[in-house]
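Heads up: the structure comes next, in structure tokens.
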Amino acid sequence: MINKTLEVEETATGKHPSGLYLLFGTEMWERLSYYGMRALLTLYMTKALMFDKSISSSIYGWFTGLVYLTPIVGGIIADQLWGNRRSILVGGILMALGQFTLFASGSSLNDPEMARNLFYAGLGLLILGNGLFKPNISSMVGSLYPKGDSRIDSAFTIFYMGINLGAFFAPLVCGLFGDTGDPNDFRYGFLVAGMGMVLGIILFEVMKSKYIITPDGDQIGLSPSGKKAQAANKAAVIDEPITSKDWQRIGVILILSFFVIFFWAAFEQAGASLTYFADEQTDRHLFGKLIPASYF
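Residues 4 to 299 in my numbering are what the sequence shown lists, from first letter to last.
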């Protein structure tokens with residue numbers, strides 16, 4: 004009854020549920036972690052691990068490609084086994100471990116083979132963690148609202164502001180500590196990225212049960228077994244068959260997915276070729292100080 008009253012009041016005033024801002028903050032910290040690491044990645048490969056630029060770009064391309072591919076698997080795992088919440092927790096932990104493994108790589112530069120092995124392990128953990136984390140946090144935003152609620156569009160706008168906010172500060176913060184001109188300092192950028200990921204996980208875990216709920220007060224993102232138990236208490240039906248209208252929407256998604264390939268192909272140049280351009284062919288001196296290439 005209380006939740007229903009709050010829902011009516013929020014709808015009438017245009018306010019958003021507190022769960023939206025929890026998802027906003029969690030995603031902001033995760034994006035700060037990811038984009039902070041990405042700003043340093045190719046620079047670390049060429050200046051600390053001494054990889055050739057072409058090899059570094061190839062590794063970067065495979066890494067980002069797998070980062071975009073694994074969310075398909077992460078979504079299936081969440082839908083069939085773990086639910087959104089556990090998937091986010093496990094994914095966040097794996098991503099934090101990936102950042103700390105990159106920190107360990109940067110701390111082992113005196114042993115090149117060890118540093119490279121830890122580097123590849125760190126990238127692998129980030130790929131797996133992102134696959135579990137990324138699709139499952141964004142999919143919970145709409146569940147905070149009743150069907151047909153006019154606030155949903157603005158809710159996703161606010162949620163993506165969290166993404167952009169984290170992505171904006173990521174290279175500035177991680178570049179400040181990691182891109183100093185000393186190859187041994189890259190590790191500190193990865194360490195800061197890992198700490199950001201840990202903060203995001205703690206924020207989500209501490210507050211999820213209170214705020215990540217439906218307008219009726221049900222917990223969002225439970226495992227399939229948890230959903231069934233929750234539904235049994237309310238005699239509700241969990242799964243509905245996919246309708247022809249749903250398939251039409253899926254078709255639209257597939258068409259859009261084809262065209263956005265070209266956008267992301269251009270966007271991801273920021274982490275490789277444009278980073279090299281900023282590092283090698285840009286006058287980065289401002290008021291007598293050298294601006295780190297990772298800032299760009």
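The beta carbon of each residue, even a glycine, is placed where N, CA and C say it ideally should be.
Keep in mind it's a predicted model, so treat the numbers as computed, not measured.
Given residue i as reference, the closest of the options once Cα atoms are compared
| i | options | result |
| --- | --- | --- |
| D188 | G151, F261, S108 | S108 |
| S212 | G22, G17, I253 | G22 |
| M143 | T45, I253, D55, T217 | T217 |
| M202 | F265, P20, L35 | Note on residue identity: the sequence assigns Leu, not Met, to residue 202. For the residues F265, P20, L35, the minimum Cα distance to L202 belongs to L35. |
| L168 | W32, K18, P20 | W32 |
| L126 | M98, I58, Y71 | M98 |
| L44 | L277, G291, L259, L289 | L277 |
| P138 | D286, I62, A81 | A81 |
| F270 | K18, G101, T49, G68 | G68 |
| L163 | K18, P20, Y24 | Residue identity check: residue 163 is Tyr in the sequence provided, not Leu. Of the listed residues, the one whose Cα sits closest to Y163 is Y24. |
| E116 | L52, V76, E283, I204 | L52 |
| G192 | V263, P227, L105 | L105 |
Three-state class that DSSP yields for residue i in the structure shown
| i | result |
| --- | --- |
| M4 | Unreliable positioning characterises M4 in this predicted model, as indicated by a pLDDT of 48, which lies under 50. A coordinate reading is not provided. |
| Q284 | coil |
| I245 | coil |
| I215 | coil |
| L289 | strand |
Presumed contact (8 Å Cβ cut-off) between residue i and residue j, rounded CB distance
| i | j | result |
| --- | --- | --- |
| A42 | G178 | 6 Å |
| A296 | A275 | Between A275 and A296 the Cβ distance is about 12 Å, and since that is not below 8 Å, they are no contact. |
| G28 | G199 | Contact flag wrong, Cβ pair sits at about 11 Å. |
| Y148 | I155 | 5 Å |
| G197 | F122 | Not a contact, Cβ separation roughly 14 Å. |
| L72 | S226 | 24 Å between Cβ atoms; not a contact. |
Could you give the uninterrupted runs of the alpha helix (DSSP H) lying entirely in the segment 106-179, keeping only those of 4 residues or more?
115-141
Does the pairing of the segment 82-101 with the segment 114-134 give three or more beta-carbon distances under 8 Å?
yes
The segment 240-259 touching the segment 110-129, judged by at least three CB pairs closer than 8 Å
no
Inter-stretch contact (C-beta, 8 Å, three-pair minimum) for the segment 245-264 and the segment 49-68:
no
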